[in-house]
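Chemist:
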Amino acid sequence: MSLRNKMLASFAVLIALIALVVWWYEGAVSESVQGIEDTRENYERVITTTLAKRAMAQDMQGLMLQARRNEKDFLLRFDLKYRDQNKGVVVDFEKYGADLQKLIDTAPEAGEAESLREILK
């Protein structure tokens, strides 16, 4: 085998090795990017559900305050309209409670249900 053929064969092997390394590198980068995207999507989902839970809890707190206000007005004035208003507030409060419980039960993040229950105490 002549020197020229040996050089060409060595060059061909070198090109093949470089192509193999580039192919492996592209696969690793693609896999890393996919992992980062999955993590970002998970964080977005967790943040979205957490914000929804917080908003519902704040709405429930407002309803509870309204119910207490109606109760005080009823006890001070003995006007039945406050009792009727309070019934409507209680119905809304129970609806929010059921919706919030659904969100807690379907929480994508582990352990968040317990922490949310502690916040609502």
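Residue numbers for the sequence shown follow this note's numbering, so the first one is 32 and each next one is one higher. Backbone N, C-alpha and C define an ideal beta-carbon position, used for all residues, glycine too.
(1) Do you know how far the Cα of D115 is from the Cα of L82?
(2) What number of angstroms, rounded off, separates the C-alpha of V122 from the C-alpha of E102?
(3) Starting from the C-beta of Y127, find all residues in its chain whose C-beta is less than 8 angstroms away, skip the five residues before and the five after it, and write them out in chain order.
(4) Using a 10 Å radius around the Cβ and a threshold of 16 neighbouring Cβ atoms, would you call K84 buried or exposed?
(5) Assuming the contact rule is C-beta atoms closer than 8 angstroms, A117 and A98 should be a hit. Round their C-beta distance to whole Å, please.
(6) Tell me the DSSP secondary structure of V110 in three-state form.
(7) Assuming Y113 and F105 form a contact by the criterion Cβ under 8 angstroms, report the distance between their Cβ atoms to the nearest whole angstrom.
(8) Three-state secondary structure (DSSP) at M38?
(9) If we call anything under 8 angstroms between Cβ atoms a contact, is T79 one with L134?
(10) Quick check: the Cα distance between I67 and L96, rounded to an integer number of angstroms?
Modeler: Looking at the coordinates:
(1) Your numbering for residue 82 matches position 51 in the sequence shown. Your numbering for residue 115 matches position 84 in the sequence shown. If you take the alpha carbons of L82 and D115, they lie about 32 angstroms apart.
(2) Position 91 of the sequence shown, counted from the first residue, corresponds to residue 122. Position 71 of the sequence shown, counted from the first residue, corresponds to residue 102. Taking the straight line from one Cα to the other gives about 15 angstroms.
(3) If you number the sequence shown from 1, residue 127 lands on position 96. Contacts found: M87, D90, M91 and L94.
(4) Start at 1 with the first residue of the sequence shown, and residue 84 comes out as number 53. Looking at its Cβ environment, which holds 16 or more other Cβ atoms inside 10 Å, K84 is buried.
(5) The sequence position of residue 117 within the sequence shown is 86, counting from 1. The sequence position of residue 98 within the sequence shown is 67, counting from 1. The question names Ala, yet the displayed sequence has Asn at residue 117. Correct: roughly 6 angstroms between the Cβ atoms.
(6) Your numbering for residue 110 matches position 79 in the sequence shown. Just to set this straight, residue 110 is Asp in the shown sequence, not Val. DSSP places D110 in coil when its eight states are reduced to three.
(7) Taking the first residue of the sequence shown as position 1, residue 113 is located at position 82. Taking the first residue of the sequence shown as position 1, residue 105 is located at position 74. Contact holds; Cβ gap of about 4 angstroms.
(8) What you label residue 38 is simply residue 7 of the sequence shown in a count that begins at 1. The answer is helix: DSSP assigns M38 an H, G or I state.
(9) The residue you call residue 79 lines up with position 48 of the sequence shown. The residue you call residue 134 lines up with position 103 of the sequence shown. No, Cβ-Cβ distance for T79 and L134 is not below 8 angstroms.
(10) Position 36 of the sequence shown holds residue 67. Position 65 of the sequence shown holds residue 96. Cα to Cα, I67 sits roughly 43 angstroms from L96.
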